[in-house]
Each structure stands twice: as structure tokens, then as C-alpha cells.
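Q: Just dropping this structure here.
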């Protein structure tokens, strides 16, 4: 996902991770000044934003952040801190890998989600849902949830082994929710700019539970301790399948990216894999290249996340309307709800 720029100083690709304190001359014709790097930074950020949020990214952001009205979450809720940080790129990839080990959930994803045929479209729909429920008005968040529930109600089928499934099954929904919540939080604690203290980490799990209930999850975990218990309950159901191995190969070895972006993506992928427990990694049938990068996963992950954070444009600041407020049940304190 990280965009690299061809800078013809010698040969090869140079990642633009921060402005240089001096001009960088090369070929005797071009001077890379801080202003030039700023322009390239803006172009890279726009390209990444459009990949993640779609061609109408700015219109979506303006509507989500700028529409006045009550929100589900106050401005200092933990869910907002986590979901605005570039560490979500690591957490999102880790969540996909972990979720793939549930054979029934993976069969549904493989058959109905456009996982390989339209990966960017799927990412854009997911990112829009997360942004709307985290930052949008309560009305927009409710509509986003209803759209997802309508899709879930229409998704049903059988696994290759003949096991029937439906996407609205609360048991499957609870697995997807627990896996993504754990991975988002773990990635933030390792790669986020401002990791959460234990109280705020519980608050994040509670915030995510608010959305999960509306999606149909029964009794979602409300604390990190509850989340750990819930994940352990699913462990006997998790194992590799042909579909999960194909998903891992696609995500780790054949990402839908231009070649220059694949090196930083490889470090992002290694960071996501290293985030997972060893027993999960053992079941993923990791490509050799990913296993080779695991010793460098943390420094590489920090570098790539920092670069993404540097290039991504900030969300617009919403002018608070006198009629705005935050709905009861989502207070603006940073701790868990009582």
C-alpha cells in the first residue's frame, strides 16, 4: 500500500519517509527541496487515500466528519484514537489472516466477498464502514449497520465439506468481531503513535462492542480480559484449509500492488504476521519470503507505519455545531463505560 517514488539519485527507488533537511541534488538537473518533497508527499497521500477510500474519498470524509449531529462516540473515546492511526494497516492485515483460519467464515468470504476479484472495493467498503461508525453521525452509523445487515442476510451457502452457513449467524459474527478487535488493538499497542493504557484498552473493546451489538453479535466482550476468553473459546474451531492457504498466499505473496510498492508491503505483511500468536502463524503455511522477514518485522513495521502516517492527509476538522452531542451510552471519557 505504501507508495514509493522513483528518485533518480543513482538508481532504484527511495522511500520518502520524512523531509530532508537539505536539498538533494542528482543528475545535475533536479534539486529535491523540502517543498518538492512536500508536493510528492501530498501526491502519495492522495494516491493512498483513493486506494483505501475510493475515488470519492474527499467527499466521503467531508460528509462523515463534517455533518453536524450526535455521534456514537465522543472525541476522546479510545476507538477514535485507534482508528485514526496508521497502525490500522498492520491490524487490518493481521485480522484478515486470523479470520481466515475459521473454515466456515473463510468459506463465506471466499464465495461472496470479492476477496480476490475486487480487493480494493472490499477494502473501500470496510474502511467506509469503520469511518462512518467511528466518526459519523448516529443516523449515518445506523444506516451503515443496516446496509451490512442486509448484505449478511442474503449471504448463505455451504463450505466445501458441505457445512451450511449464513453470514448473519451470531456465532460467525462474534468470531469476526473478536478477531478484528484483538488485531486492531494489538497493532495499535505495538505500532500506534500513542498506545492505550489498560483502562483505555478496555474502553476500546467496549466501544467496538457497541457497534458489534448492532451488527447482531450477542454478548460481545467488553474488556481485554473478556476478549482473550472469547478468542480462546474459538481456538478449537480454527484450522488451515485450502481456502485459508490461498488467502494467505494472496495477501502475503501476490498483493494487488505495483512492484515498487511490494517491498514496503512485504515489511507491513511481516509485521502483521509477527503480531499473531505463534500457534496461529504455524497454521498459516507462510511463504518463505515472509518467514525470512520475520526477524525484521518490528523495525520494518515501525518504518512503514511511520511512512504511511507521514504521507496520509489529515481528516478535516469538524466545526462543532451547538446542537451536536454524543449519544448516551458512548460518553466522552477515555475509560470503559460503566
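In my numbering, the protein residues as written are 18 to 355. For each residue, glycine too, the CB sits at the ideal point set by N, CA and C.
(1) Ordered along the chain, which non-local residues of its own chain (more than five positions away) have a Cβ less than 8 Å from that of residue 218?
(2) Just the C-alpha distance for residue 269 and residue 283, rounded to the nearest angstrom, thanks.
(3) Please name the residue, chosen from 50, 128 and 157, that lies closest to residue 85 on a Cα-to-Cα basis.
(4) Over what stretch of residues does the beta strand (DSSP E) that includes residue 183 continue unbroken?
(5) Does residue 315 come out as helix, strand or coil in the three-state DSSP assignment?
(6) Pick out whichever of 141, 128 and 145 has its Cα sitting closest to the Cα of residue 81.
(7) Count the other CB atoms within 10 Å of the CB of residue 377; is the residue buried (16 or more) or exposed (fewer)?
(8) Comparing alpha-carbon positions, which option in 264, 89, 169 and 192 lies nearest residue 300?
(9) If you check the beta carbons only, do residue 83 and residue 141 fall under 7 Å apart?
(10) Ignoring anything shorter than 3 residues or poking outside the segment 246-294, list the beta strand (DSSP E) runs there in chain order.
(11) Report the rounded CA-to-CA distance for residue 209 versus residue 318, giving the unit in angstroms.
(12) So, are the CB atoms of residue 322 and residue 103 less than 7 Å apart?
(13) Out of 252, 215, 280 and 58, point me to the one whose CA is closest to residue 294's CA.
(14) With residue 229 and residue 237 assumed to form a contact (beta carbons below 8 Å), what rounded beta-carbon distance in angstroms separates them?
(15) Please list the terminal residues of the continuous alpha helix (DSSP H) segment that includes residue 231.
(16) Which word fits residue 73, buried or exposed, when buried means at least 16 other C-beta atoms lie within 10 angstroms of its C-beta?
(17) Along the chain, where does the alpha helix (DSSP H) that runs through residue 175 open and close?
(18) Answer with buried or exposed for residue 261, where buried requires no fewer than 16 other C-beta atoms within 10 angstroms of its C-beta.
(19) Leaving out five residues before and five after residue 107 in sequence, what residues of the same chain have Cβ atoms less than 7 Å from its Cβ?
(20) Is it buried or exposed, residue 120, if we count other Cβ atoms within 10 angstroms and call 16 or more buried?
(21) Please confirm if residue 285 has its CB atom under 7 Å from at least one CB of chain D.
(22) Would you check if the segment 161-177 and the segment 111-131 touch, i.e. whether three or more CB-CB distances between them fall below 8 Å?
(23) Could you tell me the distance, in whole angstroms, from the CA atom of residue 234 to the CA atom of residue 55?
(24) Is residue 250 buried or exposed, if buried means 16 or more other CB atoms sit within 10 Å of its CB?
(25) In the DSSP assignment, find the unbroken alpha helix (DSSP H) run with residue 69 in it and report its ends.
(26) Quick check on the DSSP output: the alpha helix (DSSP H) that includes residue 198 runs from which residue to which?
(27) Leaving out five residues on either side along the sequence, give the residues of the same chain with a beta carbon under 7 Å from the beta carbon of residue 199.
(28) Evaluate residue 224 with the Cβ neighbour count: other Cβ atoms within 10 Å of its Cβ, from every protein chain shown; 16 or more gives buried, anything less gives exposed.
(29) Excluding the 5 residues preceding and the 5 following residue 116 in the sequence, name in chain order all residues of the same chain whose CB lies nearer than 8 Å to its CB.
(30) Could you compute how far the alpha carbon of residue 185 sits from the alpha carbon of residue 53?
(31) Could you tell me the distance, in whole angstroms, from the CA atom of residue 182 to the CA atom of residue 59?
(32) Tell me the DSSP secondary structure of residue 84 in three-state form.
(33) Below 7 Å between beta carbons: does that hold for residue 163 and residue 255?
(34) Opposite residue 154 in the DSSP bridges: which residues?
A: Answer, in terms of the structure:
(1) Translated into the one-based positions of the chain shown, residue 218 becomes position 201. Closer than 8 Å at the Cβ level, and outside the excluded window around residue 218, lie 95, 202, 206 and 241.
(2) Your numbering for residue 269 matches position 252 in the chain shown. Your numbering for residue 283 matches position 266 in the chain shown. Those two C-alpha atoms are separated by around 7 Å.
(3) As a working note, residue 85 is residue 68 in the chain shown. For residue 85, the nearest C-alpha among the options comes from 157.
(4) Stepping through the chain shown from its first residue, residue 183 is reached at position 166. Element bounds for residue 183: 181-183.
(5) Position 298 of the chain shown, counted from the first residue, corresponds to residue 315. Note: residue 315 maps to helix in three-state DSSP.
(6) Taking the chain shown and counting its residues from 1, the one referred to as residue 81 is at position 64. Looking only at 141, 128 and 145, the smallest Cα-Cα distance to residue 81 is reached by 145.
(7) What is shown of the chain runs 18 to 355, which leaves residue 377 out entirely.
(8) Looking up residue 300 in the chain shown gives position 283. Residue 264 is the option with its Cα nearest to residue 300.
(9) Translated into positions along the chain shown, residue 83 becomes position 66. Translated into positions along the chain shown, residue 141 becomes position 124. With a cutoff of 7 Å on beta-carbon distance, residue 83 and residue 141 are scored as not near each other.
(10) Qualifying beta strand (DSSP E) stretches: none in this window.
(11) Position 192 of the chain shown, counted from the first residue, corresponds to residue 209. Position 301 of the chain shown, counted from the first residue, corresponds to residue 318. Using only the alpha carbons, I get a separation of about 11 Å.
(12) Working through the chain shown from its first residue, we reach residue 322 at position 305. Working through the chain shown from its first residue, we reach residue 103 at position 86. Using a Cβ distance threshold of 7 Å, residue 322 and residue 103 count as a contacting pair.
(13) Residue 294 sits at position 277 when you count from the first residue of the chain shown. It is 252.
(14) Position 212 of the chain shown, counted from the first residue, corresponds to residue 229. Position 220 of the chain shown, counted from the first residue, corresponds to residue 237. Rounded, the Cβ-Cβ distance is 4 Å, consistent with contact.
(15) If you number the chain shown from 1, residue 231 lands on position 214. For residue 231, the enclosing alpha helix (DSSP H) begins and ends at 215-232.
(16) Looking up residue 73 in the chain shown gives position 56. Residue 73 counts as exposed, since fewer than 16 other C-beta atoms from the protein chains shown sit within 10 angstroms of its C-beta.
(17) Residue mapping note: residue 175 aligns to position 158 of the chain shown, counting from 1. It is not in any alpha helix (DSSP H) - residue 175 instead sits in the beta strand (DSSP E) that spans 173-175.
(18) As a working mapping, residue 261 is identified with position 244 in the chain shown. With 16 or more other Cβ atoms within 10 Å, it is buried.
(19) One-based indexing of the chain shown puts residue 107 at position 90. 204, 208, 285, 288, 289, 292, 318 and 322.
(20) Taking the chain shown and counting its residues from 1, one reaches residue 120 at position 103. Answer is buried; the Cβ neighbour count reaches 16.
(21) Here chain D cannot be found, since the structure has a single protein chain.
(22) Judged by pairs of C-beta atoms under 8 Å, the segment 111-131 touches the segment 161-177, as three or more such pairs exist.
(23) In the chain shown, counting from the first residue as 1, residue 234 sits at position 217. In the chain shown, counting from the first residue as 1, residue 55 sits at position 38. If you take the alpha carbons of residue 234 and residue 55, they lie about 44 Å apart.
(24) Looking up residue 250 in the chain shown gives position 233. By the Cβ neighbour-count rule, residue 250 is exposed, with fewer than 16 other Cβ atoms within 10 Å of its own.
(25) On the chain shown, residue 69 is found 52 positions in, with the first residue counted as 1. Start and end: 51-70.
(26) On the chain shown, position 181 is the one that residue 198 refers to. Residue 198 -> alpha helix (DSSP H) spans 187-208.
(27) Along the chain shown, one-based indexing puts residue 199 at 182. Sequence-distant partners of residue 199 (beyond 5 residues in either direction) whose C-beta falls short of 7 Å from its own C-beta, in its chain, are 244 and 248.
(28) Residue 224 sits at position 207 when you count from the first residue of the chain shown. Looking at its Cβ environment, which holds 16 or more other Cβ atoms inside 10 Å, residue 224 is buried.
(29) Translated into the one-based positions of the chain shown, residue 116 becomes position 99. Within its own chain, the residues whose Cβ lies closer than 8 Å to the Cβ of residue 116, once the five positions on either side in sequence are excluded, are 122, 123, 126, 192, 193, 196 and 197, listed in chain order.
(30) As a first step, residue 185 is located in the chain shown; it is residue number 168 there, counting from the start. As a first step, residue 53 is located in the chain shown; it is residue number 36 there, counting from the start. A straight line joining the alpha-carbon of residue 185 with that of residue 53 spans about 50 Å.
(31) Your numbering for residue 182 matches position 165 in the chain shown. Your numbering for residue 59 matches position 42 in the chain shown. Each residue's alpha carbon lies about 45 Å from the other.
(32) Numbered from its first residue, the chain shown carries residue 84 at position 67. In the structure shown, residue 84 adopts coil according to DSSP, grouped into three states.
(33) Looking up residue 163 in the chain shown gives position 146. Looking up residue 255 in the chain shown gives position 238. Against a cut-off of 7 Å, the Cβ pair of residue 255 and residue 163 comes out as no contact.
(34) Reading the chain shown from its first residue, position 137 is the one you call residue 154. Answer is 88.
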